[in-house]
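Numbering (our numbering), first residue to last: 202 to 402.
Even glycine gets a Cβ: it sits at the ideal position worked out from N, Cα and C.
In structure tokens, the structure reads:
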């Protein structure tokens with residue numbers, strides 16, 4: 202998950218470099234520019250979205266979802282969300298992290314489903330997103346630093362239980378101060394691999 206793209210839209214040269222430095226199976230998830238999510242708050246963003254998609258599409262098959270992470274103070278605006286969803290370019294897989302609880306209702310979920318856009322399932326100390334499926338891929342941000350084995354097992358069971366509905370699942374742990382994210386990610390990989398091996402073919 203790339204935070205760089207939140208601050209600025211990368212250049213074509215940067216996209217070429219990222220593509221060349223990563224293995225074939227690598228996938229980039231990009232945060233949408235703050236110009237869209239925080240400054241414009243989803244209004245009149247069609248041109249910016251088109252340009253962002255034009256540049257980042259140079260990643261080809263390595264391009265994963267784009268995360269639209271809205272500011273915590275941005276309350277539900279269903280008409281604006283519906284208009285914004287129509288401006289998302291074809292081929293862009295969008296995930297939305299709503300950080301105000303007013304967004305968590307069926308009107309919003311229905312709008313997301315209509316455009317195959319994912320509700321980002323976020324788990325943090327400040328807010329937990331309902332585990333509602335709105336797209337054919339999953340996007341999870343597990344942001345706590347105190348996950349125990351039982352917590353990870355529960356999340357692994359949730360992810361495995363939705364595997365029939367998701368073509369892909371993108372799961373991100375916090376990667377900041379304590380440095381426990383890679384450890385959690387490794388444990389999650391093991392849990393999901395074990396779950397897959399136990400599932401009927």
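Output the distance between the C-alpha atoms of residue 351 and residue 361, rounded to the nearest integer angstrom. Taking the chain shown and counting its residues from 1, one reaches residue 351 at position 150. Taking the chain shown and counting its residues from 1, one reaches residue 361 at position 160. When rounded, the distance between both Cα atoms is 15 Å.
In whole angstroms, give me the CA-to-CA distance for residue 402 and residue 396. The residue labelled residue 402 in the question sits at position 201 within the chain shown. The residue labelled residue 396 in the question sits at position 195 within the chain shown. Caution applies to residue 402, whose pLDDT of 29 falls short of 50 and renders its modelled position unreliable; the value that the coordinates give is listed next. Looking at the two C-alpha atoms, the distance is approximately 12 Å.
Thinking C-beta only, is residue 269 closer than 9 Å to residue 309? One-based indexing of the chain shown puts residue 309 at position 108. One-based indexing of the chain shown puts residue 269 at position 68. No, they are not a contact pair.
Do residue 334 and residue 289 have their C-beta atoms closer together than 9 Å? Against the chain shown, residue 334 aligns to sequence position 133. Against the chain shown, residue 289 aligns to sequence position 88. For residue 334 and residue 289, no; Cβs fall outside 9 Å.
Residue 340 by DSSP, collapsed to three states: which one? Counting from 1 along the chain shown, the entry for residue 340 is found at position 139. Note: residue 340 maps to strand in three-state DSSP.
Between which two residues does the beta strand (DSSP E) containing residue 231 stretch? Looking up residue 231 in the chain shown gives position 30. Counting along the chain, the beta strand (DSSP E) containing residue 231 begins and ends at 229-232.
Where residue 317 and residue 232 are concerned, what is the direct C-alpha to C-alpha distance, given to the nearest angstrom? Position 116 of the chain shown, counted from the start, is the residue given in the question as residue 317. Position 31 of the chain shown, counted from the start, is the residue given in the question as residue 232. The alpha-carbon atoms of residue 317 and residue 232 are separated by roughly 18 Å.
How many Å lie between residue 260 and residue 223 at the Cα? Walking along the chain shown from the start, residue 260 turns up at place 59. Walking along the chain shown from the start, residue 223 turns up at place 22. Distance between the alpha carbons of residue 260 and residue 223 is about 10 Å.
Identify the continuous beta strand (DSSP E) that holds residue 265 and give its terminal residues. To locate residue 265, count along the chain shown from 1; it is residue 64. Note, residue 265: beta strand (DSSP E), 264-270.
Are the beta-carbon atoms belonging to residue 275 and residue 235 less than 9 Å from one another? Numbered from 1 along the chain shown, position 74 holds the residue referred to as residue 275. Numbered from 1 along the chain shown, position 34 holds the residue referred to as residue 235. Result no, Cβ atoms of residue 275 and residue 235 do not sit closer than 9 Å.
Are residue 294 and residue 336 touching if we call contact CB-CB under 9 Å? Here residue 294 corresponds to residue number 93 of the chain shown, with the count starting at 1. Here residue 336 corresponds to residue number 135 of the chain shown, with the count starting at 1. Yes, the pair counts as a contact, with Cβ atoms nearer than the cut-off.
Strand pairing of residue 203, partner residues [DSSP]: Against the chain shown, residue 203 aligns to sequence position 2. Per DSSP, 231.
C-alpha gap between residue 372 and residue 247, whole angstroms: What you label residue 372 is simply residue 171 of the chain shown in a count that begins at 1. What you label residue 247 is simply residue 46 of the chain shown in a count that begins at 1. Rounded to whole angstroms, residue 372 to residue 247 spans 28 Å at the Cα level.
By Cβ distance, which residues of its chain are closer than 6 Å to residue 400, with the 5 residues on each side in sequence left out? Numbered from its first residue, the chain shown carries residue 400 at position 199. Any reading at residue 400 needs caution, since the residue's pLDDT is 46, under 50, leaving its predicted position unreliable; the model's value is listed next. None.
Would residue 332 pass as a contact of residue 369 if the rule is Cβ separation under 9 Å? In the chain shown, the residue the question calls residue 332 occupies position 131. In the chain shown, the residue the question calls residue 369 occupies position 168. No, the Cβ-Cβ distance between residue 332 and residue 369 is not below 9 Å.
For residue 243 and residue 281, I'd like the C-alpha separation in whole angstroms. Your numbering for residue 243 matches position 42 in the chain shown. Your numbering for residue 281 matches position 80 in the chain shown. C-alpha separation (whole angstroms): 7 Å.
According to DSSP, simplified to helix, strand and coil, what is residue 397? On the chain shown, residue 397 is found 196 positions in, with the first residue counted as 1. Residue 397 falls in the helix class under three-state DSSP.
If you draw a straight line from the C-alpha of residue 383 to the C-alpha of residue 392, how long is it? Counted from its first residue, the chain shown places residue 383 at position 182. Counted from its first residue, the chain shown places residue 392 at position 191. Computed Cα separation, rounded: 14 Å.
Note the first and the last residue of the continuous alpha helix (DSSP H) segment covering residue 298. Against the chain shown, residue 298 aligns to sequence position 97. Run containing residue 298: none in the alpha helix (DSSP H); it sits in the beta strand (DSSP E), 295-298.
Could you work out which residue in 241, 212, 204 is closest to residue 229 when comparing CA atoms only? Here residue 229 refers to the residue found at position 28 of the chain shown. Out of 241, 212, 204, 204 has the C-alpha closest to the C-alpha of residue 229.
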